[in-house]
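When you number the sequence shown by my numbering, it's gap-free, plus one each residue, and the end is 324.
Backbone N, C-alpha and C define an ideal beta-carbon position, used for all residues, glycine too.
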Amino acid sequence: MPVHTSGSSQGSHGRGAGLGLALASALAFGGSGVAAKPLIEAGLDPLHVVWLRVAGAAVVMLPLAVRHRALLRRRPALLAGFGLLAVAGVQACYFAALSRIPVGVALLVEYLAPALVLGWVRFVQRRPVSRAAALGVVLAAGGLACVVEVWSGLSFDPLGLLLALGAACCQVGYFVLADQGSEAGEEAPDPLGVIAYGLLGGAVVLTVVARPWTMDWSVLAGPAQLNGTAVPALALLAWIVLVATVVAYITGVLSVRRLSPQVAGVVACLEAVIATVLAWVLLGEHLSAPQVLGGAVVLAGAFIAQSSTPAKGSSGPVATGGAERELSARGTAA
């Protein structure tokens, strides 16, 4: 999903608006897990929550899909891969992980994706990576070891950690897809159209997998417990669909139109911080000092890996060009 920044958007006003939109996107995405976990604990299956999120957002984005219907003919493989990996895969694995491990831990594991994509670049594409990018990978891996407290034999559910890692792997697939057409200029697929069709495709896949007709719909008519406070389940679902999905995607795409992918990607790293803080305050999921320090190291590693990428066309080592776009205009997939 290529992103192009016009010269006129580089003024101070454009950068200020872009930073505001990027922050709004990080905040919106960061609140998805906090709103979803009470629904899961109220009795909804994680896959059913994912289906409600994706299907609801697909309905909202349907007008954009109609507007960009030519993409179905021009880039069917891109749309199918985006829907399967960036939407269905990331969301299903992430929400399933939430049912077993804290929100902050799940998202920090998912943020290994910028490091994992370097493995794709180095060993699949056989392209060199910079030393700074390699250092970022080492830092991210070391920070993750602190987050999951490996010295105590993994203090979290191993299956939950594997599911979170699955979300990261699905994002790697999205990184590869996100870079398709980046050299096409004006012929590049419109990001909003790709998002709309990705949500529609993801909804179709998840309908088959989640089987929503077996869902306990009565849960949505009752309350869910948010750290001991009763909150209408429908209100939480509305937040997930409208804010944590539709608003998050749109503000992310608009922000990258005004910022460089590197800057927008750095701001997007705040999503993990926001999610951890919200889970701490609203869900009572407290992390230990080593886990907080490890989370900071994970984010530092992701930042170094992203910021070490040279400009397009450079002959130097490369790292995560596609990852920067994803972190700027997400799809987590979180």
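Report the three-state DSSP secondary structure of residue i (helix, strand or coil).
i           : result
residue 300 : Note that residue 300 has pLDDT 46, beneath the 50 cutoff, so the model's placement of it is unreliable and the number below is only indicative. The answer is coil: DSSP assigns residue 300 none of H, G, I, E or B.
residue 215 : strand
residue 221 : strand
residue 243 : helix
residue 276 : coil
residue 53  : helix
residue 281 : helix
residue 91  : coil
residue 59  : coil
residue 120 : coil
residue 179 : coil
residue 21  : coil
residue 72  : helix
residue 32  : coil
residue 201 : coil
To the nearest angstrom, how far is the alpha carbon of residue i from that of residue j?
i           : j           : result
residue 55  : residue 284 : 41 Å
residue 90  : residue 120 : 36 Å
residue 149 : residue 184 : 32 Å
residue 65  : residue 76  : 16 Å
residue 12  : residue 113 : 32 Å
residue 68  : residue 78  : 14 Å
residue -9  : residue 180 : Confidence at residue -9 is low in this model, with a pLDDT of 37, below 50, so the placement of that residue should be treated as unreliable; the coordinate-derived value is given next. Answer to the nearest angstrom: the Cα atoms are 7 Å apart.
residue 272 : residue 52  : 32 Å
residue 96  : residue 61  : 33 Å
residue 29  : residue 123 : 38 Å
residue 281 : residue 137 : 4 Å
residue 127 : residue 286 : 14 Å
residue 26  : residue 63  : 35 Å
residue 210 : residue 43  : 13 Å
residue 268 : residue 199 : 30 Å
residue 244 : residue 15  : 10 Å
residue 289 : residue 260 : 9 Å
residue 239 : residue 80  : 14 Å
residue 223 : residue 115 : 46 Å
Under a Cβ-count criterion, where at least 16 other Cβ atoms within 10 Å of its own Cβ denotes burial, should residue i be classed as buried or exposed?
i           : result
residue 109 : exposed
residue 6   : exposed
residue 41  : buried
residue 146 : buried
residue 300 : Residue confidence for residue 300 is low, a pLDDT of 46 falling below 50, so the modelled location carries little weight; the figure read from the coordinates is stated next. Exposed, because fewer than 16 other Cβ atoms sit within 10 Å of the Cβ of residue 300.
residue 35  : buried
residue 118 : exposed
residue 161 : buried
residue 235 : buried
residue 274 : exposed
One question on the structure: do residue i and residue j come within less than 8 Å of each other, judged by their Cβ atoms?
i           : j           : result
residue 188 : residue 72  : yes
residue 191 : residue 74  : yes
residue 407 : residue 233 : Lying before the first or after the last residue shown, residue 407 is absent from the chain, which here runs from -9 to 324.
residue 229 : residue 21  : yes
residue 158 : residue 99  : yes
residue 214 : residue 24  : no
residue 103 : residue 153 : no
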